[in-house]
Amino acid sequence: MHILFVADPLDQFKIYKDTTFSMMREAQRRGHRIAACLPQDMQWVSGGLVTATVQQITLTGDVTEWYRVDTTEPMALKDFDAVLMRKDPPFDAEYIYATHLLEQAEREGARVVNSPRALRDHPEKLAIMEFPQFVTPTLVTRSAQAVKDFHAVHKDIILKPLDGMGGMGIFRVKADALNLGSIIETLNKDGAETIMVQRFVPDVVEGDKRILIIDGVPAPFVLARIPQGTEVRGNLAAGGLGVAQPLTPRNREIAETIGKALAPRGLLLIGLDVIGDAVTEINVTSPTCFQEITEQTGFDVPAMFIDALEAHLARAPRA
Ligand SMILES: Nc1ncnc2c1ncn2[C@@H]1O[C@H](COP(=O)(O)OP(=O)(O)O)[C@@H](O)[C@H]1O
Ligand SMILES: [Mg+2]
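With positions in the sequence shown counted from 1, the corresponding number in my numbering is that position plus 246.
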């Protein structure tokens with residue numbers, strides 16, 4: 247197969263932990279050819295096709311000069327066997343435009359994973375609203391008063407912006423309501439921005455668990471990201487410690503239910519975040535943690551993913 251990765255600049259990859267890199271390595275190991283481009287390398291012209299200036303690359307096995315560019319050339323996206331959208335958030339207007347170009351490429355016959363439409367339809371924090379049975383008490387609002395009322399009921403809460411990642415802009419407010427007014431102003435900017443507020447889930451001390459769901463099937467091991475020191479945030483980017491653990495039966499049930507609902511929408515890879523048994527995020531843009539789980543458990547997540555990709559493409563061969 248010939249696989250195009252739409253991703254962030256290769257030069258910025260930290261290959262010892264990067265999930266996209268681990269996908270490329272497994273794909274190349276199986277004899278697939280790899281190309282890469284940035285979202286801004288894509289374009290469409292009326293009367294033509296969605297094309298991208300792509301780098302055909304070979305992974306060298308070296309840790310610093312980890313890839314070699316064989317050629318740089320324009321190619322139609324439909325001429326690849328698969329296009330993997332692996333650009334990291336921000337989920338901003340440019341991200342959305344990229345999904346529209348990818349959707350146009352699909353109309354022309356390209357096979358894009360995850361589905362560009364599904365990427366737009368499942369904003370990572372708000373997507374939990376579809377599964378209220380699995381969430382801790384949660385409020386989505388622009389109203390400062392609604393947040394105060396929610397705090398008065400639940401006492402210990404977490405406030406978060408909808409467009410954050412890596413723990414950015416996450417605040418905890420306990421029963422004393424210390425700083426609540428100021429935090430609300432900071433996050434919702436006088437009612438201009440929608441925020442999410444949740445009852446604090448104490449199980450977070452055992453970790454914010456990343457469950458990978460690949461074509462509807464949860465991987466058998468998760469990565470618990472455990473907050474360190476005085477931190478409430480388990481994000482690896484916020485200094486959280488990543489510890490791989492077997493998937494619990496209850497978490498498996500939750501992941502299977504969500505996987506069954508979302509995989510048919512073209513979400514081949516989902517990174518579900520669960521604290522205790524509460525789902526807090528459904529990550530679909532470029533879920534990570536493949537390498538951490540594989541290194542600690544020996545379970546080969548990249549192989550599970552490429553198996554699923556190959557099966558997915560074989561199931562519905564293009565016209
Ligand atoms: N309801 C909650 N209860 C306890 N801790 C939470 C809750 N929501 C988030 N956190 C903590 O904040 C961190 C980041 O929150 P999250 O919603 O995953 O946003 P991000 O997109 O920044 O990762 C989590 O890893 C967890 O440690
Ligand atoms: Mg998170």
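Built from N, CA and C at the ideal position, the CB exists for glycine as well.
What is the DSSP secondary structure of residue i, reduced to helix, strand or coil?
| i | result |
| --- | --- |
| residue 308 | coil |
| residue 454 | strand |
| residue 325 | helix |
| residue 403 | strand |
| residue 529 | strand |
| residue 319 | strand |
| residue 341 | helix |
| residue 298 | strand |
| residue 416 | coil |
| residue 356 | coil |
Within 10 angstroms of the Cβ of residue i, are there 16 or more other Cβ atoms? Answer buried if so, exposed if not.
| i | result |
| --- | --- |
| residue 301 | buried |
| residue 455 | buried |
| residue 428 | exposed |
| residue 319 | exposed |
| residue 342 | exposed |
I'd like to confirm something about residue i: is its beta-carbon nearer than 7 Å to some heavy atom of ligand 2, or not?
| i | result |
| --- | --- |
| residue 454 | yes |
| residue 477 | no |
| residue 519 | yes |
| residue 481 | yes |
| residue 376 | no |
| residue 538 | no |
What residues are listed by DSSP as bridge partners for residue i?
| i | result |
| --- | --- |
| residue 280 | 249, 303 |
| residue 467 | 492 |
| residue 313 | 305 |
| residue 519 | 456, 527 |
Nearest by alpha-carbon distance to residue i: which of the options is it?
| i | options | result |
| --- | --- | --- |
| residue 288 | 329, 297, 366 | 297 |
| residue 446 | 510, 525, 427 | 525 |
| residue 509 | 310, 335, 463, 276 | 463 |
| residue 334 | 389, 495, 417, 258 | 258 |
| residue 370 | 269, 412, 325 | 412 |
I'd like to confirm something about residue i: is its beta-carbon nearer than 7 Å to some heavy atom of ligand 1, or not?
| i | result |
| --- | --- |
| residue 411 | yes |
| residue 446 | yes |
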